[in-house]
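K.L.:
Once you've had a glance at the structure underneath, I'll fire off some questions.
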Amino acid sequence: MCKHIHYICHFNKDKSFLLCQRDNELDIHELSSEKDVIVDELGRRYSPIHIGMNDRREALKLKLNAMVDTLNSEEEIQAFVKNFASVKPTIDAIRLHNAEIPPLPQNKEIIPVNKKIIPQRRLFSTKKKTSNAAQR
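Residues 8 to 143 in this note's numbering are what the sequence shown spells out, letter by letter.
Put into structure tokens, the structure is as follows:
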């Protein structure tokens, strides 16, 4: 079975290689130019991460103001307030979570592979329950 899958994958790879057009800009012939090509490729991409934090904040403010300005009825306002009420607790939880993340320990100690591990606490009682008649 494995031979057949590898044959099909090999065939599909060759077929897709012939169908797609090659991008010669990404061909790297020298090891020294590899870093330059990577930097150029990453510099060309435009994503929300590359937009400054202040620009994103301003765009968000404009969106929210435009949305609030378009509210026409009391029901729309109530729906907006109801959905917007969960934003602050969510942001507070994210801030708390980011503050609580401890740094990874820099433990230089080598622990043997066959070391006995500490078992996890049980989530249920293992104590045998007795009936009321037996307690008397």
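C-beta atoms are modelled at their ideal positions from N, C-alpha and C, and glycine is treated no differently.
I believe L78 touches F87 by the beta-carbon criterion, under 8 Å. Please report the beta-carbon distance rounded to the nearest angstrom.
P.N.:
The residue labelled residue 78 in the question sits at position 71 within the sequence shown. The residue labelled residue 87 in the question sits at position 80 within the sequence shown. With a Cβ gap of about 6 Å, L78 and F87 count as contacting.
K.L.:
Quick one: give me the first and last residue of the alpha helix (DSSP H) that V88 is part of.
P.N.:
Within the sequence shown, the letter at position 81 stands for residue 88. First-last of the alpha helix (DSSP H) with V88: 81 to 91.
K.L.:
In three-state DSSP terms, what is P119?
P.N.:
For this step, residue 119 is matched to residue 112 along the sequence shown. Of the three classes helix, strand and coil, the one that applies to P119 here is coil, per DSSP.
K.L.:
With DSSP run on the structure shown, which of helix, strand or coil describes K136?
P.N.:
As a position in the sequence shown, residue 136 is number 129, starting the count at 1. Coil.
K.L.:
At what residues does the alpha helix (DSSP H) containing I98 begin and finish?
P.N.:
Counted from its first residue, the sequence shown places residue 98 at position 91. Here the alpha helix (DSSP H) through I98 covers 94 to 107.
K.L.:
Can you name, in chain order, every residue of its own chain whose Cβ lies under 6 Å from the Cβ of D43, other than the five neighbours on each side?
P.N.:
On the sequence shown, position 36 is the one that residue 43 refers to. Closer than 6 Å at Cβ, skipping near neighbours: no residue.
K.L.:
Whole angstroms is fine: what's the gap from A73's alpha carbon to M60's?
P.N.:
Within the sequence shown, the letter at position 66 stands for residue 73. Within the sequence shown, the letter at position 53 stands for residue 60. Their Cα atoms are separated by approximately 20 Å.
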